[in-house]
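Numbering (our numbering), first residue to last: 162 to 379.
A short worksheet on the structure shown next.
Shown next, in the form of structure tokens:
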């Protein structure tokens, strides 16, 4: 498959790019800064410089042309304020989703967050983040022209991956290494029967491939 990843220089995205390229897929990553390109090449991915906060729908659709699948793994990141939570975590996600549909990249995986809720109350930056993520998830799930899956990880860590997770519609809160989130994303891309599911994932005791197979089609 040709797979295009938004937020291609992110910590989960770089891990995912390595896994996908090692499996023989053709991978491209959207990045904001040309200086990030070499890290993508080292991960086996083609860098595409495109800022989703300023790009047009035509620009993004062009970047997704020929893609079989797309992954939204971008985020405003720590230290960003409420405005960028909206422009990246919501608006850019919706733009990327619309472009994927236009480009015919039917398989779309949205990397969301546990607790995402468009109706989340509160004035803190984290509340704005969960509202933005929830709105993006709702937008994706309304797209009849896409085979979407929404993945909501628990608290992300930089611990070494274990390959063992708990994956389901509701898992309860918990940490999960970024390595294992990337492994789950790679397995979801290989498992089209997970389309239409909103899944939470945390560290657990079930091998990634088994966990994904268990939820497929449910």
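Just so you know, even glycine gets a beta-carbon here, dropped at the ideal spot from N, CA and C.
Beta-carbon proximity check, residue i vs residue j, cutoff 8 Å
i	j	result
residue 296	residue 279	yes
residue 204	residue 179	yes
residue 310	residue 360	yes
residue 274	residue 246	no
residue 170	residue 207	no
residue 340	residue 176	yes
CB-CB length for residue i against residue j, believed under 8 Å
i	j	result
residue 304	residue 248	So it is not a contact: roughly 20 Å between Cβ atoms.
residue 379	residue 350	That pair is no contact at about 18 Å.
residue 363	residue 336	7 Å
residue 290	residue 250	6 Å
residue 235	residue 269	Contact doesn't hold; Cβ gap of about 13 Å is too wide.
residue 228	residue 264	6 Å
Straight-line Cα distance separating residue j from residue i
i	j	result
residue 288	residue 298	15 Å
residue 370	residue 233	21 Å
residue 261	residue 190	14 Å
residue 239	residue 184	31 Å
residue 373	residue 285	34 Å
residue 377	residue 356	8 Å
Beta-carbon proximity list for residue i, same chain, < 8 Å, skipping 5 on both sides
i	result
residue 220	211
Residue i in three-state terms, based on DSSP
i	result
residue 352	coil
residue 239	coil
residue 320	coil
residue 307	coil
residue 268	strand
Cβ-based neighbour list, residue i, same chain, cut-off 7 Å, excluding 5 preceding and 5 following
i	result
residue 368	324, 325
residue 199	none
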